[in-house]
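Peer 1: If you want the working numbering, it's the position in the sequence shown, counting the first as 1, plus 1. Structure below; questions to follow.
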Amino acid sequence: MTFESWLMYLLLVTVATATPGPAVLFAVSVSTGYGWRAAIHAALGNISGLFCLGIIAVTSLGTILKTSVFVFSCFKYAGAMYLVYLGIRLLLRKELDGHDVQGAAGVRIGISPWKVYCQAFGVALSNPKAIVFLTALFPQFLQIDIPLVPQFFQLIVTLMLFSFSFLMLYALLAHQARAWLQSAGRKTLVNRASGSVFLGFGVLLASSSNS
């Protein structure tokens, strides 16, 4: 990859990862509810999902998703249902569920890191359009006259690093707003707003195409 191509890829990756989407919203929701350290697991789950999407994108499945309406629709509706499920969970979440509490022994009780990781992983995999995007993006920066595997790792690891950095930036900013969220009414408002946005993402995904 030439230096000019590398700069172009960095620019595209910066825009793609800095733009708020379901992954950012999920990381922000976790950070405001359980603290920025919990959001680390959300960011790790997201970049693990991105790695899987990258592998799918460079295999035949990425091409199938790009060309087959039926297969794309199956992935699309499954992803939309998952986003809607997360949205409903947020809408129905009780105020206390979104914040650490003190146990009987004074130990802080929070959400399971594994649960956060798995949910973030699911959010990352929920959008087949991301696979289509990577399927179209990666070939533009791969040189067929040199080994492809090192090039793939260069592209996908860069994407993962940028995604992790921006997710944690949003999470840290959201964590700073926790003091403002101490009001029960504000906590409920944030849960309702986040849930509604997830529902909106689900509806938009369900109505999208693979073009």
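Glycine included, each C-beta is placed from N, C-alpha and C at the ideal position.
For F134, which of helix, strand or coil comes out of DSSP?
Peer 2: In this structure, F134 counts as helix in the three-state DSSP scheme.
Peer 1: Looking at S30: is its Cβ nearer than 9 Å to the Cβ of L91?
Peer 2: Yes, Cβ-Cβ distance for S30 and L91 is below 9 Å.
Peer 1: Beta-carbon separation of A28 and M169 under 9 Å?
Peer 2: Contact: yes.
Peer 1: Check V59 in the structure and name its three-state DSSP category.
Peer 2: Here V59 sits in coil by DSSP.
Peer 1: Using a 10 Å radius around the Cβ and a threshold of 16 neighbouring Cβ atoms, would you call S195 buried or exposed?
Peer 2: Buried, since its Cβ has 16 or more Cβ neighbours within 10 Å.
Peer 1: Whose CA, out of F165, M82, R179, lies closest to the CA of F202?
Peer 2: Looking at the Cα atoms, M82 is the closest of the given residues.
Peer 1: Measure the CB-CB distance between T159 and Y10 and report whether it falls below 9 Å.
Peer 2: Cβ atoms of T159 and Y10: closer than 9 Å.
Peer 1: Short check: CB of L45 to CB of A121, under 9 Å?
Peer 2: Going by C-beta atoms, L45 is nearer than 9 Å to A121.
Peer 1: Our contact map puts A40 next to S32 with C-beta atoms below 8 Å; I'd like the distance itself, whole angstroms only.
Peer 2: Between S32 and A40 the Cβ distance is about 4 Å, and since that is below 8 Å, they are a contact.
Peer 1: Could you spell out the range, first to last residue, of the alpha helix (DSSP H) harbouring A178?
Peer 2: Segment: none, A178 is in no alpha helix (DSSP H) and carries neither H nor E.
Peer 1: Excluding the five sequence neighbours on either side, which residues of its own chain have a C-beta within less than 8 Å of the C-beta of L54, listed in chain order?
Peer 2: Result list for L54: A125, L126, A131, I132, L135, in chain order.
Peer 1: In chain order, what residues of the same chain lie with their CB nearer than 8 Å to the CB of L13, ignoring the 5 residues before and after it?
Peer 2: Cβ within range, chain order: L138.
Peer 1: What is the DSSP secondary structure of G80, reduced to helix, strand or coil?
Peer 2: If DSSP states are grouped into helix, strand and coil, G80 belongs with the helices.
Peer 1: Go to Q120, then tell me how far its alpha helix (DSSP H) extends in each direction, as first and last residue.
Peer 2: That run of the alpha helix (DSSP H) goes 114-126.
Peer 1: If you draw a straight line from the alpha carbon of D101 to that of L87, how long is it in whole angstroms?
Peer 2: Because the pLDDT of D101 is 43, which lies under 50, any placement of that residue in the model is unreliable, and the number read from its coordinates should be weighed accordingly. Approximately 19 Å, taken between the alpha carbons.
Peer 1: What is the DSSP secondary structure of S32, counted as helix, strand or coil?
Peer 2: It is helical.
Peer 1: To which residues of the same chain is V108 closer than 7 Å at the C-beta, ignoring the five residues directly before and after it?
Peer 2: Low per-residue confidence applies at V108: pLDDT is 32, beneath 50, and the placement is therefore not dependable enough to give any value.
Peer 1: Between F163, I89, F76, P21, which lies nearest to N192 when the distance is taken from Cα to Cα?
Peer 2: The shortest C-alpha separation from N192 is found at I89.
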